[in-house]
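Trainee: Dropping the structure in here first, questions after.
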Amino acid sequence: MQLEAVTVVRVVGTILCLTGIVLCYLVGRKRFTSLSTTRQVSVGLAVISVAALWKLLAAAALFAVPAATVGVANYHTFEGVHEVKACNRCHVMTPMVTDLYDPESDTLAARHFKNRWIPTDQCYACHSDYGLSGDLAAKAEGFRHLARYTSRTYTEPIVERGNYDNKNCMKCHDGMPKFEAVASHHTVAGELGDNAMSCLNCHGLAHPTREARTPGSPDYDRLMGKKP
Amino acid sequence: MTNLRWESWAAILAFAISLVYIWVPGPYPMGAFTFIAQPLFLLALVSYSVKVFRDLRSREVV
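Chains as they are written, first to last, in this note's numbering: chain G, 1 to 228; chain D, 229 to 290.
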């Protein structure tokens with residue numbers, strides 16, 4: 001039987017959280033000022049004072065177990081956000097995901113999905129810049145999105161901040177025979193490299209238009225997955 | 229060392245939020261974990277470290 005990473009994270013995370021809650025409850029109720037330094041207790045092979053034992057438990061409750069929990073939960077975050085369903089949990093992303101899966105749509109995202117040009121984690125593949133620093137920047141941007149969404153300081157339709165980096169396209173297309181065979185790609189190679197020109201100028205919209213994603217528009221309910 | 233009452237309750241709250249987030253990874257649990265649970269863990273750790281340091285200094289260990 002092969003366990004999925006998410007199952008392992010959930011089991012380990014649950015054990016850590018429950019252990020932490022029990023330890024903190026015990027440590028929080030203990031009066032450290034009245035602990036005996038002379039009474040000894042046996043802990044495995046070691047014999048230590050009662051005061052030392054409780055100080056070790058306090059270190060576990062307030063440092064070791066929280067550190068492990070934060071590590072596991074952040075792993076859960078960083079791995080989980082690669083999935084399309086993670087993006088779709090925020091309703092402002094639903095129009096993009098509905099369109100992605102729509103076989104009738106001709107947006108770039110939908111074409112990449114239906115032709116299996118990007119087999120998995122389609123959102124993350126195009127919306128995280130290439131390389132370690134790019135991934136970290138994508139994470140930082142993700143935290144900004146999270147703060148805006150949970151504090152409800154956003155308006156629909158959402159608008160991308162800045163310009164889309166062509167490197168996200170070029171990391172797959174650059175050097176491919178079909179890409180190299182198009183003369184205009186060589187003509188504008190400099191502009192594409194400097195982001196002075198967007199790939200979308202010639203290849204169409206990546207996602208539904210802002211008008212279609214605006215609440216109240218004729219396409220909004222369909223993009224939000226609501227039946228007419 | 230003095231008691232660790234509020235540090236423990238802060239950590240318990242943070243553990244509870246983390247547990248919810250691990251099982252229900254939606255935007256609000258993720259926001260609660262990121263912006264409430266992690267700072268609570270940090271506050272509890274800093275306060276605990278200060279108390280440990282004061283305890284060690286009172287015994288002239290450091």
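Don't be surprised by glycine CBs; every beta carbon is placed ideally from N, CA and C.
With a cut-off of 9 Å, does the C-beta of Leu56 (chain G) fall near any C-beta of chain D?
Mentor: Within the first sequence, residue 56 (chain G) is the residue found at index 56, counting from 1. So, not an interface residue.
Trainee: Going by Cα to Cα distance, which pick from D:Arg282, D:Ile250, D:Tyr276, D:Tyr249 is closest to Ser236 (chain D)?
Mentor: Mapped onto the second sequence, residue 236 (chain D) falls at position 8. Looking at the Cα atoms, D:Tyr276 is the closest of the given residues.
Trainee: Let's test the definition: count the other Cβ atoms within 10 Å of the Cβ of Ile264 (chain D) and tell me whether it reaches 16, buried, or not, exposed.
Mentor: Numbered from its first residue, the second sequence carries residue 264 (chain D) at position 36. Looking at its Cβ environment, which holds fewer than 16 other Cβ atoms inside 10 Å, Ile264 (chain D) is exposed.
Trainee: Excluding the 5 residues preceding and the 5 following His173 (chain G) in the sequence, name in chain order all residues of the same chain whose CB lies nearer than 8 Å to its CB.
Mentor: Mapped onto the first sequence, residue 173 (chain G) falls at position 173. If we look at His173 (chain G) and ignore the five residues flanking it on each side, its Cβ neighbours are Phe179.
Trainee: Please identify the residue among G:Pro66, G:Gly225, G:Lys55 whose C-alpha is closest to the C-alpha of Phe32 (chain G).
Mentor: Indexing the first sequence from 1 puts residue 32 (chain G) at position 32. Comparing Cα-Cα distances from Phe32 (chain G) to each of G:Pro66, G:Gly225, G:Lys55, the minimum goes to G:Lys55.
Trainee: For the alpha helix (DSSP H) that contains Ser236 (chain D), what are its first and last residues?
Mentor: Position 8 of the second sequence, counted from the first residue, corresponds to residue 236 (chain D). Membership of Ser236 (chain D) in the alpha helix (DSSP H) is indicated by the continuous run 233-251.
Trainee: With H, G and I counted as helix, E and B as strand and the rest as coil, what does DSSP make of Ala46 (chain G)?
Mentor: Locating residue 46 (chain G) in the first sequence gives position 46, counting from the first residue. Strand.
Trainee: Buried or exposed for His203 (chain G), going by 16 or more other Cβ atoms inside 10 Å?
Mentor: Residue numbering aside, residue 203 (chain G) sits at position 203 when the first sequence is read from its first letter. Exposed, by the Cβ-count rule.
Trainee: Report back the beta-carbon spacing between Leu232 (chain D) and Leu62 (chain G) to the nearest angstrom; my notes put them in contact at under 8 Å.
Mentor: Working through the second sequence from its first residue, we reach residue 232 (chain D) at position 4. Working through the first sequence from its first residue, we reach residue 62 (chain G) at position 62. Right, the Cβ-Cβ distance comes to about 7 Å (below 8 Å), so this counts as a contact.
Trainee: Using CA atoms only, rank isn't needed, just tell me which of G:Leu100, G:Leu3, G:Ala181, G:Pro177 is closest to Arg222 (chain G).
Mentor: The residue you call residue 222 (chain G) lines up with position 222 of the first sequence. The option with the nearest alpha carbon to Arg222 (chain G) is G:Leu100.
Trainee: Below 8 Å on the Cβ atoms is my contact criterion, and I expect His82 (chain G) with Asp121 (chain G) to pass it. Report the Cβ-Cβ distance as a whole number of Å.
Mentor: Working through the first sequence from its first residue, we reach residue 82 (chain G) at position 82. Working through the first sequence from its first residue, we reach residue 121 (chain G) at position 121. That belief holds up - the Cβ atoms of His82 (chain G) and Asp121 (chain G) are roughly 4 Å apart, short of 8 Å.
Trainee: Say whether chain G places a C-beta atom closer than 9 Å to the C-beta of Val280 (chain D).
Mentor: Translated into positions along the second sequence, residue 280 (chain D) becomes position 52. Chain G, which has a Cβ nearer than 9 Å to the Cβ of Val280 (chain D), makes this yes.
Trainee: Would you call Met176 (chain G) buried or exposed, if buried means 16 or more other Cβ atoms sit within 10 Å of its Cβ?
Mentor: Taking the first sequence and counting its residues from 1, the one referred to as residue 176 (chain G) is at position 176. Met176 (chain G) comes out exposed.
Trainee: Do Tyr256 (chain D) and Ala73 (chain G) have their CB atoms nearer than 9 Å?
Mentor: For the purposes of this step, residue 256 (chain D) is taken as residue 28 along the second sequence, with counting starting at 1. For the purposes of this step, residue 73 (chain G) is taken as residue 73 along the first sequence, with counting starting at 1. No, the pair does not count as a contact, with Cβ atoms beyond the cut-off.
Trainee: Looking only at its chain, what residues have a beta carbon closer than 6 Å to the beta carbon of Ala67 (chain G), apart from the 5 residues adjacent to it on each side?
Mentor: Locating residue 67 (chain G) in the first sequence gives position 67, where the first residue counts as 1. No residues qualify anywhere along the chain.
Trainee: Indicate the three-state DSSP secondary structure (helix, strand or coil) for Val159 (chain G) in the structure shown.
Mentor: Taking the first residue of the first sequence as 1, we reach residue 159 (chain G) at position 159. Note: Val159 (chain G) maps to coil in three-state DSSP.
Trainee: Skipping 5 residues on each side, what residues in its chain have a beta carbon closer than 7 Å to that of Ala234 (chain G)?
Mentor: With chain G running from 1 to 228 in the structure shown, residue 234 (chain G) is simply not present.
Trainee: Run through chain D and tell me which residues come within less than 8 Å of Pro66 (chain G), C-beta to C-beta.
Mentor: The residue labelled residue 66 (chain G) in the question sits at position 66 within the first sequence. In chain order: Ala239, Ala242, Phe243, Phe269, Ala272, Leu273.
Trainee: Between Ser246 (chain D) and chain G, is any beta-carbon pair separated by less than 9 Å?
Mentor: Against the second sequence, residue 246 (chain D) aligns to sequence position 18. Yes - at least one Cβ of chain G is within 9 Å of the one on Ser246 (chain D).
Trainee: State yes or no: is the C-beta of Asp129 (chain G) within less than 9 Å of the C-beta of Ala137 (chain G)?
Mentor: Within the first sequence, the letter at position 129 stands for residue 129 (chain G). Within the first sequence, the letter at position 137 stands for residue 137 (chain G). Between Asp129 (chain G) and Ala137 (chain G), the CB-CB gap stays under 9 Å.
Trainee: Let's test the definition: count the other Cβ atoms within 10 Å of the Cβ of Leu284 (chain D) and tell me whether it reaches 16, buried, or not, exposed.
Mentor: Taking the first residue of the second sequence as position 1, residue 284 (chain D) is located at position 56. It counts as exposed.
Trainee: When the Cα atoms are used, what is the spatial distance from Glu191 (chain G) to Thr262 (chain D)?
Mentor: Along the first sequence, read from residue 1 onward, the residue named residue 191 (chain G) stands at position 191. Along the second sequence, read from residue 1 onward, the residue named residue 262 (chain D) stands at position 34. Roughly 39 Å separates the two Cα atoms.
Trainee: Should Ser286 (chain D) be flagged as near chain G, meaning a C-beta pair shorter than 9 Å?
Mentor: For the purposes of this step, residue 286 (chain D) is taken as residue 58 along the second sequence, with counting starting at 1. Not one chain G Cβ lies under 9 Å of Ser286 (chain D).
Trainee: If I'm right that Asn195 (chain G) touches Asn163 (chain G) with Cβ under 8 Å, what's the distance once you round it to whole angstroms?
Mentor: As a working note, residue 195 (chain G) is residue 195 in the first sequence. As a working note, residue 163 (chain G) is residue 163 in the first sequence. Yes, they are in contact, since the Cβ atoms of Asn195 (chain G) and Asn163 (chain G) sit about 6 Å apart, within 8 Å.
Trainee: Run the CB neighbour count on Ser246 (chain D), radius 10 Å, all protein chains shown included, and call it buried at 16 or more, exposed below.
Mentor: Counting from 1 along the second sequence, the entry for residue 246 (chain D) is found at position 18. With 16 or more other Cβ atoms within 10 Å, it is buried.
Trainee: Val289 (chain D) by DSSP, collapsed to three states: which one?
Mentor: Here residue 289 (chain D) is taken as the residue at index 61 of the second sequence, counted from 1. Reduced to three states, the DSSP call for Val289 (chain D) is coil.
Trainee: Using beta-carbon positions only, say whether Tyr149 (chain G) and Val65 (chain G) come within less than 9 Å of one another.
Mentor: Residue numbering aside, residue 149 (chain G) sits at position 149 when the first sequence is read from its first letter. Residue numbering aside, residue 65 (chain G) sits at position 65 when the first sequence is read from its first letter. Not closer than 9 Å, so no.
Trainee: When the distance is taken between beta carbons, is Glu156 (chain G) closer than 9 Å to Pro119 (chain G)?
Mentor: Along the first sequence, one-based indexing puts residue 119 (chain G) at 119. Along the first sequence, one-based indexing puts residue 156 (chain G) at 156. Contact: no.
Trainee: Please report the Cβ distance between Val27 (chain G) and Leu53 (chain G), rounded to the nearest whole angstrom; I am assuming they are in contact, meaning their Cβ atoms lie under 8 Å.
Mentor: Residue numbering aside, residue 27 (chain G) sits at position 27 when the first sequence is read from its first letter. Residue numbering aside, residue 53 (chain G) sits at position 53 when the first sequence is read from its first letter. Not quite, the Cβ-Cβ distance comes to about 11 Å (not below 8 Å), so this is no contact.
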